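Remember, the numbering used here sits 178 above the position in the sequence shown when you count from 1. C-beta atoms are modelled at their ideal positions from N, C-alpha and C, and glycine is treated no differently. In this text the structure is predicted, and so the values were computed from the model without any measurement. All remarks here apply to the structure that follows.
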Amino acid sequence: MNLRDLEYLVALSQERHFRKAAEKCFVSQPTLSGQLRKLEDELEVLLIERTSRTVLFTPAGDAITAQAKRILAETKELKDIARTFTEPMSGDMHIGLIPTVGPYLLPHIIPLFKQHFPELQLYLYEAQTHTLLKQLADGDLDCLILAELDNMDSFSSLALYNEPMVLALPCDHAWAQRPHIGLSELQGEKLLMLEDGHCLRDQAMGFCFAAGIGEDKHFKGTSLETLRNMVAAGSGLTLMPQMATEPQQTNGGVCYVPVIDPEPKRTISLLHRVNSVRRPCFNEVAKVIKNSVELDHLANRKKR
179 MNLRDLEYLV ALSQERHFRK AAEKCFVSQP TLSGQLRKLE DELEVLLIER
229 TSRTVLFTPA GDAITAQAKR ILAETKELKD IARTFTEPMS GDMHIGLIPT
279 VGPYLLPHII PLFKQHFPEL QLYLYEAQTH TLLKQLADGD LDCLILAELD
329 NMDSFSSLAL YNEPMVLALP CDHAWAQRPH IGLSELQGEK LLMLEDGHCL
379 RDQAMGFCFA AGIGEDKHFK GTSLETLRNM VAAGSGLTLM PQMATEPQQT
429 NGGVCYVPVI DPEPKRTISL LHRVNSVRRP CFNEVAKVIK NSVELDHLAN
479 RKKR
């Protein structure tokens with residue numbers, strides 16, 4: 179057997195379709211199918227039940243596929259080790275971001291990455307936190323940029339910045355022109371929230387419950403932009419990450435008021451596997467992100 183055969187097996191386990199797995203591996207379907215049959219012959223065990231409608235993995239197939247994923251991850255780690263000694267800031271880097279961070283942070287940092295790390299090829303993936311954590315653990319991603327939560331102790335983290343949440347409300351609201359609002363003043367209000375699965379929802383709900391603030395259960399947003407549009411339409415209020423309130427991101431009709439006593443905020447961090455050999459690279463990436471956010475923060479303060 180060879181590593182390519184293991185890649186075919188893992189691709190088929192992910193796609194559950196021979197044609198799609200072959201396309202993912204950039205080979206023909208007969209090539210992929212033939213190599214997997216040879217792998218079965220060599221191992222003397224049936225890995226896949228082939229039917230006209232679906233692909234089913236046998237118990238042996240599931241166990242061997244799990245081991246194949248580990249072997250491929252370790253092989254990638256060997257290449258990464260070599261690169262850290264030759265060109266640490268080069269090669270491919272697969273970064274996962276949550277939807278409430280990616281669209282707002284990336285415009286700030288991508289030009290800087292190109293400037294500081296011209297030999298680094300970035301591949302960006304957006305998904306909810308639970309999906310990204312699994313992909314990081316499986317070795318599919320090199321690092322994550324997300325809001326840090328309590329259940330991430332099995333990974334190493336580099337804190338990037340603290341991001342306040344501000345109150346988004348229609349510009350014709352009585353509070354729209356206030357310099358700030360105390361969290362306790364929102365007691366009894368019902369705020370618009372993101373749907374289940376977004377870590378921002380859980381963090382916002384934590385602050386809201388502590389202050390006696392409820393959730394408007396008539397609607398759950400699929401994205402921050404959906405929530406913003408609901409606020410603009412006069413359908414309610416919501417908490418919005420500060421970076422999502424910058425002028426280039428905002429829609430008309432929505433105003434933002436800082437919240438105090440206490441200020442709701444989240445910590446955005448870079449996560450990576452504890453024993454990743456690419457830590458020197460992650461450290462440099464984290465420095466660029468930190469400096470970018472700090473400079474942007476100072477610039478925004480001067481404008482105000």
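- With a beta-carbon spacing of about 7 Å, I323 and L283 fall inside the 8 Å limit used to define contacts.
- Contact between S335 and S447 holds, since their C-beta atoms are separated by about 4 Å, short of 8 Å.
- The three-state reading of DSSP puts D350 in coil, since its state is none of H, G, I, E or B.
- Assignment of alpha helix (DSSP H) within the stretch 281–348, counting only whole runs of 4 or more residues, yields 307–316 in chain order.
- Under the three-state reduction of DSSP, E227 is assigned to strand.
- At the C-beta level, Q420 and P342 come within 7 Å of one another.
- Around the beta carbon of T400, a 10 Å sphere encloses fewer than 16 other beta carbons of the protein chains shown; the residue is thus reported as exposed.
- Following the DSSP letters along the chain, one finds S211 inside the alpha helix (DSSP H) bounded by residues 207–221.
- Shown here, P237 sits in a helix according to DSSP, grouped into three states.
- The straight-line gap separating the alpha-carbon atoms of A260 and R182 is approximately 20 Å.
- When C-alpha distances from L184 are compared across C433, T253, S230, the shortest belongs to T253.
- Here E367 has I391, G392, L415 as same chain residues with Cβ atoms under 8 Å from its own Cβ, once five neighbours each way along the sequence are excluded.
- For V432, the secondary structure class from DSSP, reduced to helix, strand or coil, is strand.
- Here Y186 is not near L221, since their CB atoms are 7 Å or more apart.
- Around the C-beta of C321, 16 or more other C-beta atoms lie within 10 Å, and the residue is accordingly described as buried.
- The stretch 460–471 makes no contact with the stretch 369–377: fewer than 3 CB pairs, one atom from each, lie closer than 8 Å.
- Residue environment for P357: exposed (fewer than 16 other C-beta atoms within 10 angstroms of its C-beta).
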